[in-house]
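Working notes for the structure below.
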Amino acid sequence: MYTSPAWFASIISLLSVIFIFIFLEENYAGLDQGADTEDSYTAMPTFDTISVAVCVLTQFTLMFIITNLETIGSLYAKMMWGWTNAQAVEYTGILQAVNGLVGVLVYALFAVKLGDYISQARERIFTIFGLALGVLYHVVTYPYPWGPDLKYTTINVTIHGKNQTEDLGCNPAKYHWCTYTKDVNFWLYASMYGIVLAACFPIVNICMNTLFSKILGARRQGTMQGVMLMAGSFARTIGPLLVSWIFQEWGPEPIWIIEILTLSITAIFWMIFYRRMKPLDSNPKLAPYQFFYYSKGIRYRI
Numbered sequence: 001m002y003t004s005p006a007w008f009a010s011i012i013s014l015l016s017v018i019f020i021f022i023f024l025e026e027n028y029a030g031l032d033q034g035a036d037t038e039d040s041y042t043a044m045p046t047f048d049t050i051s052v053a054v055c056v057l058t059q060f061t062l063m064f065i066i067t068n069l070e071t072i073g074s075l076y077a078k079m080m081w082g083w084t085n086a087q088a089v090e091y092t093g094i095l096q097a098v099n100g101l102v103g104v105l106v107y108a109l110f111a112v113k114l115g116d117y118i119s120q121a122r123e124r125i126f127t128i129f130g131l132a133l134g135v136l137y138h139v140v141t142y143p144y145p146w147g148p149d150l151k152y153t154t155i156n157v158t159i160h161g162k163n164q165t166e167d168l169g170c171n172p173a174k175y176h177w178c179t180y181t182k183d184v185n186f187w188l189y190a191s192m193y194g195i196v197l198a199a200c201f202p203i204v205n206i207c208m209n210t211l212f213s214k215i216l217g218a219r220r221q222g223t224m225q226g227v228m229l230m231a232g233s234f235a236r237t238i239g240p241l242l243v244s245w246i247f248q249e250w251g252p253e254p255i256w257i258i259e260i261l262t263l264s265i266t267a268i269f270w271m272i273f274y275r276r277m278k279p280l281d282s283n284p285k286l287a288p289y290q291f292f293y294y295s296k297g298i299r300y301r302i
């Protein structure tokens, strides 16, 4: 139960490395090769840093939300629905499998038809829509004060031939917030996690990254893609440390509030800079006396 996922992930990673060596060809589609030469007169405008910053923030938000839910997933399920350790691993695994299956279906829609539709300057509105789905998931699954109380009991289990006591539910002796935190209906949570949240991440991931590459323009994007991934890695670094501490001290309520605020603020930035979040014009038509900056200087029209 606990080691097979690691073995399976290792096998998949090894196969991925083999497939990269066999099938991957590094062809840079649409790249302006002449702009990289020293004596080039190609004037590629600089990208909009604010638009890039909003995309980087969105990547941070996505990874922050994913990591937080992964960090507290099993413990949250045990306390909320009174599952045993084995049930928590099994049932949360089923939930994540359903979440992954719905995600695959959403990605398949992009591959078949939806991708062409969104690529027609609709990345911004669909990114905002995907972030709104994330907010909806957290608002619906928030443990509101009018819900039923959390339950607690104990059972005797045999582990390696020894009898031990296992907690079922939320133990108020360990966590003081068990006395006031309310239950969330399992089927409501499962439907929101397996459908709404499952659709949120593919939509935002594809639309935001597609637009991000267009904002950078037809130049080498390795550095900025690295910054993008670094923001996600930073979120996965601080997320578990912050969330595990908050969950043990105050329960799931403040975590849900933090994630609602994070998603909402990110969506608000997309709305504020909506008109700036657009593909880079690689060869803009300048009016007389207009100019723009690029990597080798300034381009004027006299």
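Here UniProt numbering is used: position 10 in the sequence shown is 10, and no number is missing along the way. Beta carbons: idealized from backbone N, C-alpha and C, even for Gly.
Proximal residues to residue i (C-beta, below 8 Å), its chain only, five neighbours per side dropped
i, result
"Gln164", "Asn156, Val157, Thr158"
"Thr181", "Pro143, Leu150, Cys170, Gly251, Pro252, Glu253"
"Val89", "Met1, Tyr2, Ser74"
"Gln221", "Ser213"
For residue i, the three-state DSSP class (helix, strand or coil)
i, result
"Asp39", "Note that Asp39 scores 47 on pLDDT, short of 50, meaning its location in the model is unreliable and no value can be drawn from it."
"Lys174", "coil"
"residue 312", "Lying outside 1 to 302, the shown extent of the chain, residue 312 is not represented and no answer is given."
"Ile302", "coil"
"residue 361", "The requested residue 361 does not occur in the structure, where the chain is confined to residues 1 to 302."
"Asp149", "strand"
"Phe19", "helix"
"Lys285", "coil"
"Leu62", "helix"
"Tyr2", "coil"
"Tyr91", "helix"
"Pro279", "coil"
"Gln96", "helix"
"Phe273", "coil"
Nearest neighbour of residue i, chosen from the options [CA to CA]
i, options, result
"Thr179", "Asn205, Val56, Leu150", "Leu150"
"Ile128", "Asp281, Ala198, Ala267, Trp81", "Ala267"
"Gly73", "Trp7, Leu95, Thr58", "Leu95"
"Ala77", "Ile257, Asp183, Tyr2", "Asp183"
"Ser244", "Val204, Ile206, Asp281, Tyr175", "Tyr175"
"Thr84", "Thr154, Gly217, Pro5", "Thr154"
"Asn205", "Leu131, Arg220, Ile12", "Leu131"
"Gln87", "Asn99, Lys113, Met1", "Met1"
"Ile298", "Glu70, Pro45, Pro148", "Pro45"
"Leu69", "Lys285, Trp270, Glu259", "Glu259"
"Tyr279", "Met208, Thr262, Leu229", "In the sequence as displayed, the identity of residue 279 is Pro instead of Tyr. Selected option, being the one with the closest Cα: Met208."
"Glu166", "Phe21, Cys200, Thr141, Gly82", "Gly82"
"Ala198", "Gly100, Gly147, Asp116", "Gly100"
Own chain partners of residue i with C-beta closer than 7 Å, once the 5 adjacent residues on each side are dropped
i, result
"Val196", "Leu133, Leu136, Tyr137"
"Ser264", "Val135"
"Val227", "Val56"
"Ala231", "Val56, Gln59, Phe60"
"Phe47", "Ile215, Leu216, Gly217, Leu280"
"Phe126", "Ile118, Ile203, Cys207"
"Thr92", "Gly73, Ser74, Ala77"
Proximal residues to residue i (C-beta, below 6 Å), its chain only, five neighbours per side dropped
i, result
"Pro202", "Gly103, Val106, Tyr107"
"Glu123", "Cys207, Thr210, Leu211"
"Tyr189", "Thr141"
For this session: Pair every Cβ in the region 257 to 274 with every Cβ in the region 210 to 224, then say whether three or more of these pairs are closer than 8 Å.
Result: No: the two stretches stay apart, fewer than three of their Cβ pairs being nearer than 8 Å.
Exercise. Hey, which unbroken runs of the beta strand (DSSP E) at 3 residues or more fall wholly within the region 151 to 205?
Worked result: The region 151 to 205 contains these whole beta strand (DSSP E) runs: 152 to 159, 162 to 169.
For this session: Determine, using beta-carbon pairs with one atom in the region 62 to 69 and one in the region 229 to 242, whether at least three such pairs fall under 8 Å.
Result: Output reads yes: the region 229 to 242 touches the region 62 to 69.
Exercise. Hey, which unbroken runs of the beta strand (DSSP E) at 3 residues or more fall wholly within the region 100 to 133?
Worked result: Runs of the beta strand (DSSP E) lying entirely within the region 100 to 133, each at least 3 residues long, are absent.
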